[in-house]
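Data block below; observations after.
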Amino acid sequence: MDAAMNQSNPPASLELWPIGNCQMSAMVDERGAITWGCIPRVDGDPVFCSLLNGDRKDDGVWRFELVGQVSARQEYIRNTPNLVTTLEAEDGSAVEILDFCPRFERSGRMYRPVAVVRIVRPIAGNPRIKVRLRPMTNYGAELAKTTNGTNHIRYLVGSQALRLSTDASVGYVLEERAFRVEDDTHFFLGPDEPFSGNLREEVRHMEQLTRKYWQHWVRGLATPFEWQDEVIRCAITLKLCQHEETGAIVAALTTSIPEAPGSERNWDYRFCWIRDSYYTVQALNRLGALDVLEKYLAYLRNIIDSCQGGQIQPLYSVMGESELDERVAEDLAGYRGMGPVRVGNAAYTQVQHDCYGQIVLPTVQGFFDFRLLRRADEADFASLEEVGEMAWRMHDQPDAGLWEFRTRQEVHTYSAVMSWAACDRLANVAEYLGKADRAALWRERADAIRERVLTEAWKENGGEGHFTASFESDYLDASLLQLVELRFVDPSDEKFLSTFDQLEKALRRGEHMLRYAAEDDFGLPETAFNICTFWLIEALALVGRKDEARKLFEAMLSHRTKSGLLSEDLDFETGELWGNFPQTYSLVGIINCAGLLSKSWNTVR
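In this note's numbering, the protein residues as written are 3 to 607.
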């Protein structure tokens with residue numbers, strides 16, 4: 003890190019530390035600068051956008067520059083997303099920056115404003131800092147204009163404003179002039195309204211309440227015995243990816259981090275994919291985090307209502323909006339200058355039939371789980387049957403598949419098996435509700451889809467038979483590893499074992515796994531897809547190769563950022579992370595593999 007301190011503008015990196023409160027999120031880089039943060043919610047205008055601003059890293063940033071700085075170190079306060087960054091200067095002086103987004107119960111509801119709090123503490127010598135606070139507007143088009151008063155600065159960002167309340171000199175902040183930090187200095191950047199109460203006392207109280215909230219939330223998690231720190235960090239970050247107002251869960255907190263250098267595989271992931279969210283709530287369910295599931299199920303009920311028994315899209319906005327038109331933000335150069343920066347995602351127009359199963363599977367828990375505040379009822383079952391009807395009608399129809407191919411459609415095996423799972427689980431619910439006729443219908447449909455998959459998606463290939471990625475082809479993709487997770491086949495099934503053998507030969511690259519090896523819309527894949535590597539690890543454990551699975555899991559953990567997180571993709575030759583960050587898929591992989599591979603708590607108690 004010392005070398006980086008000597009560079010005025012080091013290249014953008016995914017060594018980022020997310021902070022947030024399930025309404026606002028921001029990314030803090032290795033130097034303690036906020037380089038990414040959107041308002042009024044995760045899919046909004048990135049007022050902090052220097053992460054994607056190419057060489058213009060001094061715009062769209064909030065940075066405390068310690069005069070003579072030579073090093074920085076960071077850590078989260080235990081079991082919270084509250085971050086402490088320590089900056090040290092060559093003369094021995096040092097400051098500590100405490101960053102958090104307030105989250106705690108107040109007046110009978112959760113207080114989670116669109117706000118970031120930063121507290122700068124002098125901890126050694128006579129430190130001098132310069133505050134560089136330059137929010138931008140309209141996706142990097144221009145710096146926000148300002149107005150100010152005695153103790154505040156207003157930043158005009160689009161149709162609204164952010165207000166910085168501080169006990170630092172407003173003039174020093176506006177002029178970016180270095181000043182000595184002789185006492186704790188407080189900054190509250192939030193809604194454009196006067197800050198009520200004593201700033202120093204209020205923000206310190208906010209931090210204590212926020213810390214208490216998160217530590218109590220973590221205390222309720224049923225973690226595996228091994229890798230507890232790793233699992234807890236992933237769980238906290240997955241919760242930060244939920245837009246609590248509606249219950250939607252975004253795939254990542256960023257847009258347009260390339261999947262591979264210069265590939266133009268740059269996508270906006272600040273939306274709720276039905277598939278990604280299914281995997282997220284599944285992982286958090288295994289830890290007992292039912293609050294995320296409950297809020298997400300409410301979001302799904304609204305999606306089901308709005309589609310009125312018709313086709314469900316693969317993704318929606320966090321507010322449930324269906325039209326997510328894709329455009330390019332021309333004023334942002336992109337991560338390391340690798341544009342384009344995309345806003346919106348054209349995948350919303352795609353047909354992806356796996357989404358029906360991914361709505362049914364998490365919703366089914368509502369019928370069986372006595373812990374839930376709102377258990378599902380017969381009206382919910384009637385709505386869910388409409389989703390099942392779509393799964394039944396579409397199980398053998400072409401779609402873009404879970405990898406969202408933009409130029410071709412086939413009958414993808416994964417989508418067909420998800421449709422089978424929808425019918426299978428609906429039969430389970432019908433039996434539980436005492437609806438014998440409906441149970442028989444859904445069981446009959448599930449059996450019919452199973453037979454279709456076993457017939458159409460199996461290729462003998464001269465004695466080396468395997469399931470195929472689609473009914474029309476004989477190529478392989480990593481989603482076939484999910485046939486066990488979905489209970490379509492048993493891990494000891496000969497067909498699965500043969501498929502797994504072929505998958506390793508075709509897609510494994512040392513310690514990593516590709517999604518697929520065939521050329522797609524953008525050419526040959528250049529990086530491994532992290533969730534696929536975790537699926538590989540799970541499969542290894544389930545077929546009895548547990549020692550190898552543990553070794554690969556530890557290898558994947560070594561690729562995490564210092565914040566303990568992963569992005570979507572990884573260069574299997576250099577080990578560098580690529581793709582949007584933090585990627586919910588990848589964090590799900592850590593949680594699931596830790597639970598599968600960990601020693602039992604009974605070994606120590």
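Even for Gly, the Cβ is constructed at its ideal location relative to N, Cα and C.
* With burial defined as no fewer than 16 other Cβ atoms inside 10 Å of the residue's Cβ, what is the status of T37: buried or exposed? -> Classification of T37: buried, given that the 10 Å Cβ count is 16 or more.
* Asked: Smallest Cα separation from E184: which of L299, E203, D169?
  -> D169
* Could you pull the start and end residues of the beta strand (DSSP E) that D47 belongs to? => For D47, the enclosing beta strand (DSSP E) starts and ends at 47 to 50.
* M321, DSSP secondary structure in three states -> coil
* **Limits of the unbroken beta strand (DSSP E) element including D476** => Secondary structure note for D476: it is in no beta strand (DSSP E), with a DSSP letter that is neither H nor E.
* Going along the chain, which unbroken runs of the beta strand (DSSP E) with 3 or more residues stay wholly within the region 165 to 216? -> 187 to 193
* Whole angstroms is fine: what's the gap from E77's alpha carbon to N23's? => 18 Å
* Cα-Cα separation between E458 and L488, rounded to whole angstroms -> 18 Å
* Asked: Would a C-beta distance cut-off of 8 Å place P124 and R165 closer than the cut-off?
  -> In this structure, P124 lies away from R165, with their beta-carbon atoms at least 8 Å apart.
* **Exposure of N81, with buried meaning 16 or more beta-carbon neighbours within 10 Å** => Label assigned to N81: buried.
* **Buried/exposed call for Y434, threshold 16 Cβ in 10 Å** => Per the 10 Å Cβ criterion, exposed.
* For E387, is the classification buried or exposed, using 16 other Cβ atoms within 10 angstroms of its Cβ as the cut-off for buried? -> Here E387 is buried. Its C-beta has 16 or more other C-beta atoms within 10 Å.
* Using the rule of at least 16 other Cβ atoms within 10 Å of the residue's Cβ for burial, across every protein chain shown, is A14 buried or exposed? -> Classification of A14: buried, given that the 10 Å Cβ count is 16 or more.
* Three or more beta-carbon pairs under 8 Å between the region 461 to 478 and the region 412 to 420, yes or no? -> Contact holds: three or more Cβ-Cβ distances are below 8 Å.
* Asked: Leaving out five residues before and five after G591 in sequence, what residues of the same chain have Cβ atoms less than 6 Å from its Cβ?
  -> Within the same chain, and ignoring the five residues on either side of G591 in sequence, the residues whose Cβ sits closer than 6 Å to its Cβ are I533, F536.
* To the nearest angstrom, how far is it from the Cα of E325 to the Cα of E391? -> 24 Å
* Asked: If you draw a straight line from the alpha carbon of V366 to that of A91, how long is it in whole angstroms?
  -> 56 Å
* Uninterrupted alpha helix (DSSP H) stretches inside the region 321 to 386 (no shorter than 4 residues) -> 357 to 370
* Coil, strand or helix - M515 by DSSP -> strand
* Count the C-beta pairs between the region 353 to 371 and the region 297 to 306 that are closer than 8 Å, then say yes if the count reaches three, no if not. => Note that the region 353 to 371 touches the region 297 to 306; at least 3 beta-carbon pairs, one per stretch, sit closer than 8 Å.
* Asked: Where does W275 land, buried or exposed, given buried means 16+ other C-beta within 10 angstroms?
  -> buried
* Closer than 6 Å by C-beta to L428: which residues in its own chain qualify, once you throw out the five before and the five after it? Chain order, please. => G390, W444
* To do: Using beta-carbon positions only, say whether A28 and G39 come within less than 8 Å of one another.
  => yes
* Going by DSSP, what residues sit across from N463 in a beta bridge? -> N463 is not bridged to any residue.
* **Candidates W269, S500, Y337: closest to E406 by CA position** => W269
* Asked: Helix, strand or coil: how does DSSP classify W275 here?
  -> The three-state secondary structure of W275, taken from DSSP, is strand.
* **Simplified DSSP state of K297, which is helix, strand or coil** => helix
* **Same chain, Cβ closer than 7 Å to R440, neighbours up to 5 away in sequence not counted** => In chain order, A432 place their CB closer than 7 Å to the CB of R440, counting only its own chain and leaving out the 5 sequence neighbours on each side.
* What do you get for G597, buried or exposed, if any count of 16 or more other CB atoms within 10 angstroms of its CB means buried? -> buried
* To do: Under 8 Å by Cβ, that's how I've got R136 and V30 pegged, so tell me the actual separation to the nearest angstrom.
  => R136 to V30, Cβ: 16 Å. No contact.
* DSSP three-state assignment for W405, whether helix, strand or coil -> coil
* Asked: Per DSSP, T149 is paired with what?
  -> Under DSSP, T149 takes part in a beta bridge, and its partners are R156.
* Coarse secondary structure for C103, derived from DSSP in three states -> Three-state result, C103: coil.
* Expected contact under 8 Å - CB spacing of A378 and G290 to nearest Å -> Not confirmed; about 19 Å, so no contact.
* Which two residues bound the contiguous beta strand (DSSP E) that contains K132? -> 130 to 136
* Within its chain, find whatever has a CB closer than 8 Å to the CB of V49; leave out the 5 residues flanking it on each side and keep chain order. => G39, C40, I41, G62, P137, M138, T139, A146, Y157, V159, L164
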